[in-house]
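**Q** Quick mapping for you: the protein sequence lines, in order, are chains S and A. Here the first sequence stands for residues 717 to 1030, numbered as in this note's numbering. Here the second sequence stands for residues 3 to 333, numbered as in this note's numbering.
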Amino acid sequence: MSAPLLELAHVTRDFAVPAGRLRAVEDVSFSLAAGETIGVVGESGCGKTTLGRMILRLLAPTAGRISFRGEDITHRTERALKPVRGALQAVFQDPVSSLNPRLRVRDIIGEPLVNRGGPRDARAERIAELLSIVGLPGDAGGRFPHEFSGGQRQRIAIARALSVNPALIVCDEAVSALDLSVQAQILNLLRDLQTRYQLALLFISHNLGAVRHVSHRVAVMYLGRLVELAPESELFSRPLHPYSMALLAAVPEPRLDQVPAPALAGEVPSPLTPPAACHFHPRCPRAEARCRSETPQLRPIVGTGALVRCHFPG
Amino acid sequence: MAAPLLALDSVSVAFRSERRETEVLSRASFAMAPGEIVGVVGESGSGKSVMALAIMRLLGAQGRVSGGRIRFDGQEITTLPEAAMRAIRGRQIGMVFQEPMTSLNPLFTVGYQIAEVLAIHLGLTGAVAERRVVELLAAVGIPAPAERAKAYPHQLSGGMRQRVMLAMAMACGPKLLIADEPTTALDVTIQAQILELLLRLKRDSGTAILLITHDMGVIARMAERVLVVYAGEIVEDAPARELFARPGHPYTRLLLQAMPTPREKLARLPVIAGALPPPSALPQGCRFHPRCPDAIQRCRDEAPAAFALGGGRLARCWRAAELLAAMEGVR
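#1: Which same chain residues, not among the five before or five after ALA275 of chain A, have their C-beta less than 7 angstroms away from its C-beta?
#2: Nearest to SER46 of chain A by alpha carbon, out of A:GLY70, A:ASP182, A:ALA86?
#3: Where does TYR232 of chain A sit, in a helix, a strand or coil, going by DSSP?
#4: Pick out whichever of S:SER813, S:TYR913, S:GLY802 has its Cα sitting closest to the Cα of VAL872 of chain S.
#5: I need the boundaries of the alpha helix (DSSP H) containing ILE874 of chain S, first residue and last residue.
#6: Indicate the three-state DSSP secondary structure (helix, strand or coil) for CYS1000 of chain S in the structure shown.
#7: Thinking C-alpha only, which one of S:LYS764, S:LEU722, S:GLU723 is nearest LEU939 of chain S?
#8: Put ILE72 of chain A into one of helix, strand or coil per three-state DSSP.
#9: For PRO1001 of chain S and chain A, any beta-carbon pair shorter than 9 angstroms?
#10: Taking C-beta to C-beta, are GLU969 of chain S and ALA194 of chain A nearer than 9 angstroms?
#11: Rounded to the nearest angstrom, how far is the Cβ of ALA169 of chain A from that of LEU212 of chain A, given a contact under 8 angstroms?
#12: Run through chain A and tell me which residues come within less than 8 angstroms of ALA926 of chain S, C-beta to C-beta.
#13: GLY736 of chain S: which of S:ARG1015, S:SER986, S:PRO882, S:HIS997 sits nearest, CA to CA?
#14: So the candidates are S:ARG773, S:ARG839, S:LEU815; which of them puts its Cα closest to the Cα of ARG792 of chain S?
#15: Is there at least one Cβ from chain A nearer than 9 angstroms to HIS922 of chain S's Cβ?
#16: In whole angstroms, what is the alpha-carbon distance linking PHE731 of chain S and MET103 of chain A?
#17: Tell me, to the nearest whole angstrom, how far the beta carbon of ILE180 of chain A is from that of ALA54 of chain A; I am working on the premise that it is less than 8 angstroms.
#18: Quick check for students: name the residue ranges of the alpha helix (DSSP H) that lie wholly in the stretch 766-806 of chain S, counting only runs of 4 or more.
#19: Please name the residue or residues paired with VAL886 of chain S in a DSSP beta bridge.
#20: Quick check on the burial criterion: 16 or more other C-beta atoms within 10 angstroms. Buried or exposed for GLY234 of chain A?
#21: Does the stretch 778-795 of chain S come close enough to the stretch 825-840 of chain S to have 3 or more Cβ pairs within less than 8 angstroms?
#22: Assuming ARG1006 of chain S and ARG941 of chain S form a contact by the criterion Cβ under 8 angstroms, report the distance between their Cβ atoms to the nearest whole angstrom.
#23: How is the beta strand (DSSP E) around HIS957 of chain S delimited, first residue to last?
#24: Is ALA962 of chain S close to chain A? Criterion is C-beta to C-beta, closer than 9 angstroms.
#25: How many Å lie between MET717 of chain S and ALA749 of chain S at the Cα?
#26: Can you tell me the Cβ-Cβ gap for LEU68 of chain A and VAL15 of chain A, rounded? I've got them flagged as a contact below 8 angstroms.
#27: Alpha carbons only, please: which of S:ALA844, S:GLY851, S:THR1020, S:GLY857 is nearest the one belonging to GLU948 of chain S?
#28: Could you tell me the distance, in whole angstroms, from the CA atom of GLY982 of chain S to the CA atom of GLN77 of chain A?
#29: Between the Cα of PHE32 of chain A and the Cα atoms of A:ALA308, A:ALA322, A:LEU325, A:PHE99, which residue gives the shortest distance?
#30: Kindly indicate which three-state DSSP category ARG154 of chain A falls into: helix, strand or coil?
#31: For PHE746 of chain S, report the span of its beta strand (DSSP E) as first-last.
#32: Strictly below 8 angstroms CB to CB, what residues from chain A border PHE952 of chain S?
#33: Would you mind giving the Cβ-Cβ distance between ALA719 of chain S and GLY786 of chain S, rounded to the nearest angstrom? I have them listed as a contact below 8 angstroms.
#34: So that I know if they touch, is there some Cβ in chain B lying closer than 9 angstroms to that of VAL112 of chain A?
#35: Report the three-state DSSP secondary structure of MET717 of chain S (helix, strand or coil).
#36: When you compare the CB positions of GLN910 of chain S and LEU917 of chain S, do they come within less than 9 angstroms of one another, or not?
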């Protein structure tokens, strides 16, 4: 593999809250290659959205380093970030609140192009091209976001992200608000675009089925920590962290021959007061004394392509 | 079926806006037995929630049942005076919705809110009511129920709030529980817990459950019988084992295929072309025909009735019997 497009090394982010300090992301390291998709899964409060916002540099890490195309962007000022802003784009969950309702679609899609300068004619041509790439009708440019369905609005958001030829798109719950029939259309579109433009995607979602469909590798997070990072085929066929196993077992399948596993007991503890040592130990069916006293580190598991943060994986 | 607990006979619902009235549910008919779990599946805007609100008579000032009859426990409730309906709602029919935070009053403790239900419907007060509240919270799996009764809704997690809603809905031992997307806002491990709890409540108390969801996985886990709703119509009504083995309506089949599952990775997800039409602009003929890969001329011209296909199932499709037979042939 050539030099990674994106590299995170020991990235941590704390938030000051009235009750003290909330560690939203703790010591996360991984790299993402051009044209690769990493899916990030986990339940509310696991830090997946904060992670995405740091990669977009909408937030700066409290500790650790983020490199993009080999350059350290961890603490760059807004001005110094400008050259990489276009290469880092985002698509969010709710296309209603992320699209300006007063702008016509062509102005929404063209906004990043205007920021970049260039002749007006070329811009109009590019907008027409983008509409066709994401499968919107040619006359969509003159209309307003509210005239479109949820799926079409998500296509508008994708067209805007694509307009400046990004290298990486962070998709944060990008299909979660969509109905099933439309969700499948958008997932297929994302995969097509990725192949066509060698895009890297960070696909953040709680929907494990959607994640499997678009990802090459999958990162599982629990209470701010990366607990497993594995190739898609391995994670879904043989999860190694007990939390990954529980998460997969909890997804109800649209068929009747499944034997439902007993539900994982308890709830995700508050990130304000995470359990000591392994954060997962109070809910873990195989926890032992060591899990309560010694924090496991993310380590490669021999004979697999997986990295797992567990004393007793497999 | 023994005498049904709930029966809808050709029920239509219309909503008024400005001067126009739009039909959002058309001629819905089905019956459910005591203790049965019936799943209602459909996309947003399909009319599945409106059906539940019509049963509860909670359509608001803009909506009305514009046709048909609803019978509950042997009694026609469509025309019941509001006072009589209030005695049924909450006591004989319980309900839970997607977002428990908006259904709970933030100013009162959850114990107080459950006690209120007990006082209104069962006349329980004082220490008796207090004891019952703690029992109910324990029955829905809330740890330290006596302490949690004193908590305000915001002090509880989403999963715990949904358990409180279930405790409240079950407080009077209803014959029917209507659950509208009860786990959609919850994390998947918490969803698994709430689904387990619903199955246990049904088993222990014999409550029938009308479970409304967009998630075919939840339907497979829970439902004995399934209603598939599309553009204001019930397009399929089938026992779950029939429906998942051999979907009778093309829409059901496509819906099942379009769901990405973590169990397998496909080169491409099958999609349903286009989008759900709004109730104000329904296509002629079969409402699904513009998106249906199996549509023929007749589907464009003429709206199909709900045809019986054997095995206790109905499908609103001209070609369902033929397509099912072809599926049999392949197997």
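Glycine is no exception: its CB is placed at the ideal position from the N, C-alpha and C atoms.
**A** Quick look at the numbers:
#1: ARG293
#2: A:ASP182
#3: Here TYR232 of chain A sits in strand by DSSP.
#4: Residue 872 of chain S is actually Ile in this sequence, not Val. Measuring C-alpha to C-alpha distances from ILE872 of chain S to each of S:SER813, S:TYR913, S:GLY802 identifies S:SER813 as the nearest.
#5: 866-878
#6: Three-state DSSP puts CYS1000 of chain S in coil, outside helix and strand.
#7: Taking only the C-alpha atoms, the option nearest LEU939 of chain S is S:LYS764.
#8: strand
#9: no
#10: no
#11: Not a contact, Cβ separation roughly 19 angstroms.
#12: Counting only Cβ-Cβ distances below 8 angstroms, ALA926 of chain S has contacts in chain A at PRO262, in chain order.
#13: Checked all of S:ARG1015, S:SER986, S:PRO882, S:HIS997; the closest Cα to GLY736 of chain S is S:SER986.
#14: S:ARG773
#15: yes
#16: 25 angstroms
#17: Right, their Cβ atoms sit about 5 angstroms apart.
#18: Complete alpha helix (DSSP H) runs here, min 4: 794-801.
#19: As DSSP reads the structure, VAL886 of chain S sits in a beta bridge with S:ALA806, S:LEU918.
#20: buried
#21: no
#22: About 17 angstroms separates the two Cβ atoms, so there is no contact after all.
#23: Taken as a continuous stretch (DSSP letters only), HIS957 of chain S belongs to no beta strand (DSSP E), as it is neither H nor E.
#24: yes
#25: Annotation note: pLDDT 49 at MET717 of chain S (below 50); position unreliable, no value reported.
#26: The sequence shown places Ser at residue 68 of chain A, rather than the Leu named in the question. Indeed, because the Cβ distance is near 6 angstroms, the residues count as touching under 8 angstroms.
#27: S:THR1020
#28: 42 angstroms
#29: A:ALA308
#30: Per the sequence shown, the amino acid found at residue 154 of chain A is Tyr instead of Arg. Residue state, collapsed to three classes: coil.
#31: 736-748
#32: PRO264, ARG265, LYS267
#33: Between GLY786 of chain S and ALA719 of chain S the Cβ distance is about 6 angstroms, and since that is below 8 angstroms, they are a contact.
#34: Protein chains S and A are contained in the structure displayed, whereas chain B is not.
#35: The predicted position of MET717 of chain S is uncertain, since its pLDDT is 49 and thus under 50; a value taken from the coordinates is nonetheless stated next. Three-state DSSP puts MET717 of chain S in coil, outside helix and strand.
#36: yes
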